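In the working numbering, the protein residues as written are 162 to 278. Every residue gets a Cβ at the ideal spot worked out from N, C-alpha and C, and that includes glycine. Note that the coordinates shown come from a computational prediction; the quantities given were computed from them, not determined experimentally. What follows is a short report on a single structure.
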């Protein structure tokens with residue numbers, strides 16, 4: 162079985178590594194597989210995390226549900242960063258639509274963006 166990409170999460174290299182790792186861990190705990198893109202062509206040190214799920218009838222049919230799970234994880238992570246006084250510098254990307262800036266979007270906009278497939 163292959164994998165279905167939910168989105169690409171491009172995170173600023175200025176974010177502390179433990180904050181990036183906390184997002185990765187939270188996604189994995191929500192049964193979302195992540196891949197770090199080996200070559201970082203987007204920016205000098207930007208980190209690209211690709212959120213995926215194993216493909217198959219169930220995963221494809223539940224892609225919107227997985228998108229909502231990713232949105233909830235990202236929104237919680239953004240709240241935690243803001244409590245630390247940090248900005249969640251990064252964006253969501255998908256070849257099918259314009260990118261969404263994590264530092265500017267509302268929780269609702271992130272959930273809507275990730276639930277459209």
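Identity of the residue in the options nearest residue i by Cα
i: residue 193; options: 257, 265, 235; result: 235
i: residue 246; options: 269, 228, 238; result: 238
Span of the beta strand (DSSP E) around residue i
i: residue 258; result: 258 to 262
Unbroken alpha helix (DSSP H) run spanning residue i, endpoints
i: residue 330; result: Residue 330 cannot be examined here, being either before or after the span of the chain that is shown, 162 to 278.
i: residue 193; result: Looking at the DSSP string, residue 193 is not in any alpha helix (DSSP H), and its letter there is neither H nor E.
i: residue 176; result: Here residue 176 belongs to no alpha helix (DSSP H), and DSSP marks it neither H nor E.
i: residue 272; result: 268 to 275
Residues near residue i in its chain [Cβ-Cβ closer than 8 Å; skip 5 each side]
i: residue 248; result: 242, 264
Below-9 Å beta-carbon distance, residue i vs any chain C residue
i: residue 164; result: In the structure shown, chain C does not exist; there is a single protein chain.
Nearest-angstrom Cα separation, counted from residue j out to residue i
i: residue 178; j: residue 184; result: 10 Å
i: residue 275; j: residue 267; result: 12 Å
Where in the segment 227 to 260 do unbroken runs of the beta strand (DSSP E), each at least 3 residues long, occur, reported from the N-terminal end onward? 251 to 255
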